[in-house]
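J.:
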């Protein structure tokens, strides 16, 4: 269950000084079973920042403890969005007229992986909603004029050899007693941060570099008895996160 966020009017009742009024911070109460890492994921922030804002030297927290989940400098008007099933970063970016790169920066995301039920910032610190970034096609042999060229976010590839729509599920290294070694020999227990998907080799050849909507760039390194046709399985190291992924319909761009 989402924890209740309370606004702290720290020093707000005091008269404004030459430095201006103090910014408010958001606070939650630690519940039994909570971890700092889990709270940082739930609120889309960096674990290091969470410890800094609360002056913590270790990861130990106790039930009932109050934690600030925003810096004092954070804009109190920053808009928040609750992620829905089937959402992807690119879909949310398009809805709010921002770039995927901005969403990743504002929410301290290291990949395109997001989970339904979580909240995320959809505006920057006072920057407001930006105009949509339109990507314009350039015909072969007819390069666009410099004034019309649009920057492509680094989180998405510029071009793809092929794009298909697939049903995507998620798995961990030891699901159902499997060894954790992929078909191509990648040890997922030793490489927990690997971006790997299981595929039907007749649809996506093993070894292919791909871009999976909502997951990011990965390599087709594995197969599975249930992975046939337009189906893939994305590797996620944490069991709870893999369950949160659920079943999605996503686009896959085969890069090579």
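Residue numbers (mature numbering (1 follows the signal peptide of the UniProt record, and there is no 0)): -18 to -1, 1 to 238. Don't be surprised by glycine CBs; every beta carbon is placed ideally from N, CA and C.
I'd like to know if the segment 215 to 224 and the segment 153 to 162 are in contact, where contact means that at least 3 CB-CB pairs between them fall below 8 Å.
T.: Taking 8 Å as the limit for Cβ pairs, the verdict is that the segment 153 to 162 does touch the segment 215 to 224.
J.: So, are the CB atoms of residue 236 and residue 144 less than 8 Å apart?
T.: Yes.
J.: Please classify residue 62: does DSSP put it in a helix, a strand, or coil?
T.: Residue 62: strand per DSSP, three-state reduction.
J.: Assign residue 256 to one of three DSSP states: helix, strand, or coil.
T.: An answer regarding residue 256 cannot be provided, because it is not within the stretch -18 to 238 covered by the chain.
J.: DSSP three-state label for residue 98, please.
T.: Residue 98 falls in the coil class under three-state DSSP.
J.: Residue 27 and residue 42: beta carbons closer than 8 Å?
T.: Going by C-beta atoms, residue 27 is not nearer than 8 Å to residue 42.
J.: What residue from 92, 40, 62, 197 has the CA that sits closest to residue 231's CA?
T.: Of the candidates 92, 40, 62, 197, the one whose C-alpha sits nearest the C-alpha of residue 231 is 197.
J.: I'd like to know whether the C-beta atoms of residue 105 and residue 61 end up nearer to each other than 8 Å.
T.: Cβ atoms of residue 105 and residue 61: closer than 8 Å.
J.: Look at the alpha carbon of residue 179 and the alpha carbon of residue 206, and state the distance between them as a whole number of angstroms.
T.: About 10 Å.
J.: Quick one: give me the first and last residue of the beta strand (DSSP E) that residue 203 is part of.
T.: First-last of the beta strand (DSSP E) with residue 203: 198 to 204.
J.: Thinking C-alpha only, which one of 97, 67, 45, 83 is nearest residue 224?
T.: Ranking the options by Cα distance to residue 224, first place goes to 97.
J.: Comparing alpha-carbon positions, which option in 188, 221, 35, 45 lies nearest residue 15?
T.: Ranking the options by Cα distance to residue 15, first place goes to 45.
J.: Looking at the unbroken beta strand (DSSP E) that takes in residue 213, where does it start and where does it end?
T.: That run of the beta strand (DSSP E) goes 213 to 217.
J.: In whole angstroms, what is the alpha-carbon distance linking residue 90 and residue 211?
T.: Approximately 35 Å, taken between the alpha carbons.
J.: Kindly indicate which residue of 175, 10, 39, 166 has the alpha-carbon position closest to the one of residue 188.
T.: Comparing Cα-Cα distances from residue 188 to each of 175, 10, 39, 166, the minimum goes to 166.
J.: Can you list, in chain order, the residues of its chain with a C-beta nearer than 6 Å to that of residue 190? Leave out the 5 residues immediately preceding and following it.
T.: These residues qualify, in order along the chain: 202, 236.
J.: Under the rule that 16 or more other beta-carbon atoms within 10 Å means buried, what is residue 195, buried or exposed?
T.: Under this definition residue 195 is a buried residue.
J.: Can the beta-carbon of residue 80 be found less than 8 Å from the beta-carbon of residue 72?
T.: Not in contact: residue 80 and residue 72 (Cβ atoms no closer than 8 Å).
J.: Whole angstroms are fine: how far does the CA of residue 184 sit from the CA of residue 161?
T.: C-alpha separation (whole angstroms): 24 Å.
J.: Using the C-alpha atoms, what's the distance from residue 22 back to residue 182?
T.: Rounded to whole angstroms, residue 182 to residue 22 spans 35 Å at the Cα level.
J.: Taking Cβ to Cβ, would you say residue 10 is nearer than 8 Å to residue 38?
T.: No.
J.: List the endpoints of the continuous beta strand (DSSP E) containing residue 43.
T.: It is not in any beta strand (DSSP E) - residue 43 carries neither H nor E in the DSSP assignment.
J.: Tell me the DSSP secondary structure of residue 222 in three-state form.
T.: The answer is helix: DSSP assigns residue 222 an H, G or I state.
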